[in-house]
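All residue numbers for the sequence shown refer to the UniProt record's numbering, where the first residue is 1 and numbers rise by one.
For each residue, glycine too, the CB sits at the ideal point set by N, CA and C.
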Amino acid sequence: MNKILQIGFYILAIGSLTNNCQLGEDIVEIPEECVVRDSIVDEIFGSSVTDMENLSEKAILCPKNEDSLKINEQVLKKLPDQNKTYFSADSIISEDQEEQNNFPLDFINTLTPSGMPPHELNLKVGAAIMLLRNLNPSAGLCNGTRLIIRTL
Numbered sequence: 001m002n003k004i005l006q007i008g009f010y011i012l013a014i015g016s017l018t019n020n021c022q023l024g025e026d027i028v029e030i031p032e033e034c035v036v037r038d039s040i041v042d043e044i045f046g047s048s049v050t051d052m053e054n055l056s057e058k059a060i061l062c063p064k065n066e067d068s069l070k071i072n073e074q075v076l077k078k079l080p081d082q083n084k085t086y087f088s089a090d091s092i093i094s095e096d097q098e099e100q101n102n103f104p105l106d107f108i109n110t111l112t113p114s115g116m117p118p119h120e121l122n123l124k125v126g127a128a129i130m131l132l133r134n135l136n137p138s139a140g141l142c143n144g145t146r147l148i149i150r151t152l
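Laid out in structure tokens, this is it:
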């Protein structure tokens, strides 16, 4: 059985409590054969992150936004061409000066709330992206839909 399938079955066993873990335990020992020592991007996607069929069948799930942002940057580095960077348009909607002082834009720009892109979003043509909002459900543009960037 290949390494990726072993990891998948191991995670399913944890979730279904069939791996001999006791409820309330917060430490799970990961078997050596499931440990990825090098780049997880290389382990999952191989040498090509531009093979659409390969991309459509695989994903890297992260427990934290900061982890997914790091992995996204690793994948972008493997794609040809230059990044195009987009910045969020943040503002404080309050006429109260004290309220504006409590939330300086420099601070707001460091935040990446769940379900939102980062303040500085790097993209490349050919990159796989995932919708975070339902844009047009009847056309299949729903939260979680994976797309490929064709133009920027």
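Excluding residues up to 5 positions away in sequence, TYR86 lie with their Cβ nearer than 6 Å to the Cβ of LEU121 in the same chain. Take LEU105, set aside five residues on each side of it, and the residues of its chain with a beta-carbon closer than 7 Å to its own are ASP90, in chain order. Around the CB of PHE45, 16 or more other CB atoms lie within 10 Å, so the residue is classed as buried.
In the DSSP annotation of this structure, LEU141 is not part of any beta strand (DSSP E), being labelled neither H nor E.
Counting other Cβ atoms within 10 Å of its Cβ, LEU55 reaches 16 or more and is therefore classed as buried.
For GLY144, the closest of LYS78, THR151, LEU132 by C-alpha to C-alpha distance is LEU132. In this structure, PRO63 is the residue among LEU5, ILE129, LEU147, PRO63 with its C-alpha nearest to the C-alpha of SER114. Counting only residues of its own chain and dropping the five nearest sequence neighbours on each side, ILE108 has a CB closer than 6 Å to the CB of ASP90. Note that the C-beta distance between GLY126 and ASP81 is below 9 Å. Bounds of any beta strand (DSSP E) do not take in LEU76; it lies within the alpha helix (DSSP H) bounded by 65-78. For GLU120, the enclosing beta strand (DSSP E) begins and ends at 120-123. Excluding its 5 nearest sequence neighbours in each direction, SER88 has C-beta neighbours in its own chain below 6 Å: HIS119, listed in chain order.
Per DSSP, the continuous alpha helix (DSSP H) segment holding MET52 begins and ends at 52-56.
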